[in-house]
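Asks: The structure that follows is given in the form of C-alpha cells.
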Amino acid sequence: MLERHRVRRLRAGLVALTAAGGLLLTGCSGSDDGGHGYSSDNSNKSGGYAPGPAPAPAPDEQWGEDTGEQRGDTSREFAPSPDYLSTFALDVDTASYGYARRTLAEGNTPDPSTIRPEEFVNSFRQDYRRPDGDGFSVTVDGARTAGPDSGDWSLVRVGLATRPQENESERQPAALTFVIDISGSMGEPGRLDLVQDALDVMTERLRDNDSVAIVTFSDEAETVLPMTRLGGHRDRVHDAVDALEPTDSTNLGAGVETGYATAVEGLREGATNRVVLLSDALANTGDTDADTILERIAGARREHGITLFGVGVGSDYGDALMERLADKGDGHTTYVSTEDAARTLFSEELPRTIDLTARDAKAQVAFDPETVAEFRLIGYDNRQVADEDFRDDSVDGGEVGPGHTVTALYAVRTRPGASGHLATATVRWLDPDTRTPHEESGDLEARALHDDLWTSPEGLRVAAVAAYFADALRQGDSRGHSQSDSRGALPGRPSLRQLADRAVELARLREDKDLHGLAEAIGAAARGYPD
Numbered sequence: 089m090l091e092r093h094r095v096r097r098l099r100a101g102l103v104a105l106t107a108a109g110g111l112l113l114t115g116c117s118g119s120d121d122g123g124h125g126y127s128s129d130n131s132n133k134s135g136g137y138a139p140g141p142a143p144a145p146a147p148d149e150q151w152g153e154d155t156g157e158q159r160g161d162t163s164r165e166f167a168p169s170p171d172y173l174s175t176f177a178l179d180v181d182t183a184s185y186g187y188a189r190r191t192l193a194e195g196n197t198p199d200p201s202t203i204r205p206e207e208f209v210n211s212f213r214q215d216y217r218r219p220d221g222d223g224f225s226v227t228v229d230g231a232r233t234a235g236p237d238s239g240d241w242s243l244v245r246v247g248l249a250t251r252p253q254e255n256e257s258e259r260q261p262a263a264l265t266f267v268i269d270i271s272g273s274m275g276e277p278g279r280l281d282l283v284q285d286a287l288d289v290m291t292e293r294l295r296d297n298d299s300v301a302i303v304t305f306s307d308e309a310e311t312v313l314p315m316t317r318l319g320g321h322r323d324r325v326h327d328a329v330d331a332l333e334p335t336d337s338t339n340l341g342a343g344v345e346t347g348y349a350t351a352v353e354g355l356r357e358g359a360t361n362r363v364v365l366l367s368d369a370l371a372n373t374g375d376t377d378a379d380t381i382l383e384r385i386a387g388a389r390r391e392h393g394i395t396l397f398g399v400g401v402g403s404d405y406g407d408a409l410m411e412r413l414a415d416k417g418d419g420h421t422t423y424v425s426t427e428d429a430a431r432t433l434f435s436e437e438l439p440r441t442i443d444l445t446a447r448d449a450k451a452q453v454a455f456d457p458e459t460v461a462e463f464r465l466i467g468y469d470n471r472q473v474a475d476e477d478f479r480d481d482s483v484d485g486g487e488v489g490p491g492h493t494v495t496a497l498y499a500v501r502t503r504p505g506a507s508g509h510l511a512t513a514t515v516r517w518l519d520p521d522t523r524t525p526h527e528e529s530g531d532l533e534a535r536a537l538h539d540d541l542w543t544s545p546e547g548l549r550v551a552a553v554a555a556y557f558a559d560a561l562r563q564g565d566s567r568g569h570s571q572s573d574s575r576g577a578l579p580g581r582p583s584l585r586q587l588a589d590r591a592v593e594l595a596r597l598r599e600d601k602d603l604h605g606l607a608e609a610i611g612a613a614a615r616g617y618p619d
C-alpha cells in the first residue's frame with residue numbers, strides 16, 4: 089500500500105504541473121413542474137397573440153400540429169403565443185453520452201431509456217461568443233435539414249455561454265465533501281481504483297484554502313475524514329483515499345445522508361459547498377429511491393445551497409438513479425470510464441469551475457406563429473419548466489459556472505415561403521450572491537437559416553451529429569429518415585454510417601480528440617444495429 093501511495097503521489101505531481109483548463113462540473117438541476125418543449129394546442133392562433141402560457145400537454149404528445157388557422161391580427165410586431173413557447177431549466181449533464189460510449193465500446197447496445205439527447209449535445213465544445221461581464225451571451229442560429237424529402241424542416245440551435253474565469257486564484261474557496269461508494273461491486277477494475285487515482289491527483293491540484301471531507305458507504309456510511317483545510321494537511325487526504333477498500337453491499341441512501349450531514353457540519357461561509365457522489369449507483373440496501381433519499385436531506389439543500397454532483401463509474405451503472413439524484417439535488421452528473429478521463433475531471437475541470445456564475449438559470453424560446461408551423465425541443469425531457477414559471481424565481485433552474493456553454497436544439501418546421509422573425513431565446517438567471525434576477529435575449533430571422541445543415545458552421549454541425557446519434561440510439565436502429573412524423577426520427581437524420589463519416593470529417597477539421605471518440609462510438613453503433 090505504501091508503494092501504491094508513492095506511485096499515486098508521483099502521478100499527482102506530474103498531472104498537477106501539466107493541468108490545463110476545463111469547462112465541466114457546474115451543478116445544474118431541472119424542475120419537476122410540468123412544462124412543455126413543443127407546440128401542442130393551437131386553439132389561440134385565430135384570435136391573435138395571447139401573452140399567457142399554454143397548459144401542459146398530455147404526456148404522450150411529442151410534436152405540435154398546425155391547424156392551418158390564420159391569425160386575425162396582421163401586425164408583424166412579435167408577442168409570444170402560449171402555444172409557441174418552450175421553457176426549460178439549463179442542463180450541463182453529460183453522463184448519458186459517456187455511459188453510451190462505454191457500452192458501445194464493449195460491444196453492447198445502450199438501453200434507449202438511458203439516452204438523453206441534450207447530454208450528447210452538451211458533451212462537445214462550442215465556440216459561442218462570450219459575454220463581456222457576468223451572465224450569459226445568447227446565440228441563435230439554424231440550418232435547413234438535408235434530403236429531398238426534408239420539406240420545410242430545420243434544426244435551430246440556442247447557445248448560451250458564460251465568461252471564463254480569468255484568474256483561478258480569485259475564485260472563492262471550495263468545501264467539497266466526497267461521498268465514495270466502497271461496496272463490493274466497486275472492487276472491479278475501473279471503479280474504486282479509478283476513483284482513488286483521480287482523488288489523489290485532485291488533492292494536489294486544489295488550493296491550500298480549499299477544504300475536503302471524505303465519507304464512505306457500503307452497507308453503512310462513515311465519515312472517514314471531516315472537513316479539512318488542504319494547506320499543510322494533504323497527507324491526511326492521501327492517507328484516507330489510499331485506505332479505501334471495497335466491502336459489502338450498497339446503501340447509497342445512507343451515504344448521501346451522511347455526506348450532507350458532514351457537509352453541513354463543515355459548512356464554510358463564503359465558500360462553494362458541494363457534495364460529490366462517486367458510485368456505480370447500484371443501490372441494493374436501504375433507501376433506493378431518489379425522492380426518498382433527497383427528501384431526508386432537503387433542509388441542507390435548501391437552507392445551505394449545497395449542490396450534488398454525481399460521478400458515475402462501472403460497466404454496470406445505475407444511470408436512472410444517479411440522474412434522478414442529481415436532478416432533485418440541484419446538481420448534475422457525468423460519467424468516467426478511463427483513468428485519463430477521471431484525472432482530467434478532478435485535476436482540471438473541478439478545480440477551475442467551482443465558482444458559480446448563475447443560479448436557477450432557465451431558458452424560454454418564443455417561436456413566431458407567422459413563420460413557424462411546429463417545433464420540438466430535442467431532449468431536456470426532465471428539465472422542462474411550466475411556461476408561466478419562467479420568471480418565478482422560486483422555481484428551480486440550473487446552476488452554471490464560469491466558462492461554460494449550454495446548447496439546446498429544436499426541430500422546426502417553417503411555413504412555406506416564411507420570412508421575417510422566427511424566434512427569440514431568453515435566458516433568465518439569479519446572481520449567485522445577491523439573487524438579483526437578470527435576463528439576456530437573442531433573435532433569429534427566417535432568412536438567417538443556413539440553406540444546408542452540412543455546410544453550416546462547424547459548431548452547429550457538431551451539435552447536429554450528436555443529436556442525430558442520440559436519436560438513432562433512442563429509436564433503436566441505424567436507418568436515417570428524411571422526414572419526421574409525430575413519433576419517428578428527427579427530420580433529416582442520416583444513417584449511422586453517414587453520421588460516422590460526418591463525425592470523422594469534423595474531427596479532422598477541428599483536430600479534436602473528443603470528436604474522434606464520437607466517430608468511433610457512432611461506428612460501433614453502426615456495426616451493432618441491423619441496416
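Counting from 1 along the sequence shown, just add 88 to a position and that's the residue number in the working numbering. Even for Gly, the Cβ is constructed at its ideal location relative to N, Cα and C.
1. My output table needs one value for residue 269: the three-state DSSP class, helix, strand or coil.
2. Over what stretch of residues does the alpha helix (DSSP H) that includes residue 381 continue unbroken?
3. Going by Cα to Cα distance, which pick from 183, 219, 194, 202 is closest to residue 529?
4. Do the segment 583 to 596 and the segment 549 to 560 meet, that is, are 3 or more Cβ pairs less than 8 Å apart?
5. What does the alpha-carbon distance come out to for the pair residue 511 and residue 399?
6. Can you name, in chain order, every residue of its own chain whose Cβ lies under 6 Å from the Cβ of residue 382, other than the five neighbours on each side?
7. Going by the DSSP bridge assignment, what does residue 264 pair with across the sheet?
8. Identify whether residue 421 lies in helix, strand or coil by the three-state DSSP scheme.
9. Would you tell me roughly how many angstroms separate the C-alpha atoms of residue 505 and residue 243, rounded to the nearest one?
10. Going straight from the alpha carbon of residue 601 to that of residue 271, what length do you get?
11. Ignoring anything shorter than 3 residues or poking outside the segment 172 to 216, list the beta strand (DSSP E) runs there in chain order.
12. What did DSSP end up calling residue 91 once you bin it into helix, strand or coil?
13. Hey, would you say residue 225 sits closer than 9 Å to residue 248, going by beta carbons?
14. Please give me, in chain order, every unbroken run of the beta strand (DSSP E) with length at least 3 that falls completely inside the segment 496 to 536.
15. Using C-beta distances below 6 Å, list every residue in its chain close to residue 146, excluding the 5 sequence neighbours before and after it, in chain order.
16. So the candidates are 361, 453, 173, 404; which of them puts its Cα closest to the Cα of residue 196?
17. Less than 9 Å between the beta carbons of residue 435 and residue 292, yes or no?
18. Does the segment 514 to 530 come close enough to the segment 200 to 213 that 3 or more CB-CB pairs lie under 8 Å?
19. Just curious, the beta strand (DSSP E) that residue 345 is in, first and last residue?
20. Are the beta-carbon atoms belonging to residue 231 and residue 606 less than 9 Å from one another?
21. On the three-pair Cβ rule with 8 Å, is the segment 490 to 509 touching the segment 448 to 461?
22. Consult DSSP for residue 467 and reduce its assignment to one of helix, strand or coil.
23. Rounded to the nearest angstrom, how far is the Cβ of residue 181 from that of residue 371, given a contact under 8 Å?
24. By DSSP, does residue 482 sit in helix, in strand, or in coil?
25. Taking just the CA atoms, how far does residue 476 sit from residue 221?
26. Would you mind stating whether residue 367 and residue 341 have Cβ atoms separated by less than 9 Å?
27. I need the boundaries of the beta strand (DSSP E) containing residue 557, first residue and last residue.
28. Excluding sequence positions up to five away, which residues of its chain have a Cβ less than 6 Å from the Cβ of residue 430?
29. Beta-carbon within less than 6 Å of residue 585's beta-carbon, same chain only, minus the 5 sequence neighbours each way: which residues are those?
30. What alpha helix (DSSP H) runs, 4 residues minimum, are completely inside the segment 394 to 461?
31. Where do the N-terminal and C-terminal ends of the beta strand (DSSP E) with residue 311 fall, by residue?
32. Can we say the segment 174 to 188 touches the segment 468 to 475, given the rule of at least three CB pairs closer than 8 Å?
33. Is it the case that the Cβ atoms of residue 269 and residue 233 are separated by a distance below 9 Å?
34. Which residues mark the beginning and the end of the alpha helix (DSSP H) in which residue 283 is found?
35. Can you look up residue 592 in the DSSP assignment and give me helix, strand or coil?
36. Grab me the residues of residue 350's own chain with a C-beta within less than 6 Å of its C-beta, minus the 5 sequence neighbours each way, in chain order.
Replies: Put simply:
1. Looking at residue 269 - three-state DSSP - the assignment turns out to be strand.
2. 378 to 383
3. 219
4. With contact defined as three or more Cβ pairs closer than 8 Å, the segment 583 to 596 and the segment 549 to 560 are in contact.
5. 36 Å
6. 416, 417
7. 300, 362
8. strand
9. 17 Å
10. C-alpha separation (whole angstroms): 33 Å.
11. Secondary structure in the segment 172 to 216: the beta strand (DSSP E) runs of 3 residues or longer, each lying completely within the stretch, are 173 to 177 in chain order.
12. Summary for residue 91: the model assigns pLDDT 45, below 50, so the residue's position carries little reliability, and this model does not support an answer.
13. yes
14. 509 to 518, 525 to 533
15. Residue placement at residue 146 cannot be trusted, given a pLDDT of 34 that sits under 50; the coordinates are not used to answer.
16. 404
17. Taking 9 Å as the cut-off, the Cβ atoms of residue 435 and residue 292 count as close.
18. Touching, no, given that fewer than three Cβ pairs across the two stretches are closer than 8 Å.
19. Careful: residue 345 lies outside any beta strand (DSSP E), inside the alpha helix (DSSP H) at 340 to 353.
20. no
21. A contact is defined here as three or more CB-CB pairs under 8 Å, and the segment 490 to 509 meets this definition with respect to the segment 448 to 461.
22. coil
23. Actually they are not in contact, since the Cβ atoms of residue 181 and residue 371 sit about 19 Å apart, beyond 8 Å.
24. coil
25. About 28 Å.
26. no
27. No beta strand (DSSP E) holds residue 557; the alpha helix (DSSP H) holding it covers 546 to 563.
28. Apart from the 5 residues on each side of it in sequence, residue 430 sits with its Cβ closer than 6 Å to the Cβ of 282, 286, 424 in its chain, given in chain order.
29. 614
30. 407 to 416, 427 to 432
31. 309 to 317
32. yes
33. no
34. 280 to 293
35. In the structure shown, residue 592 sits in a helix (DSSP, three-state: H, G or I).
36. 265, 301, 303, 311
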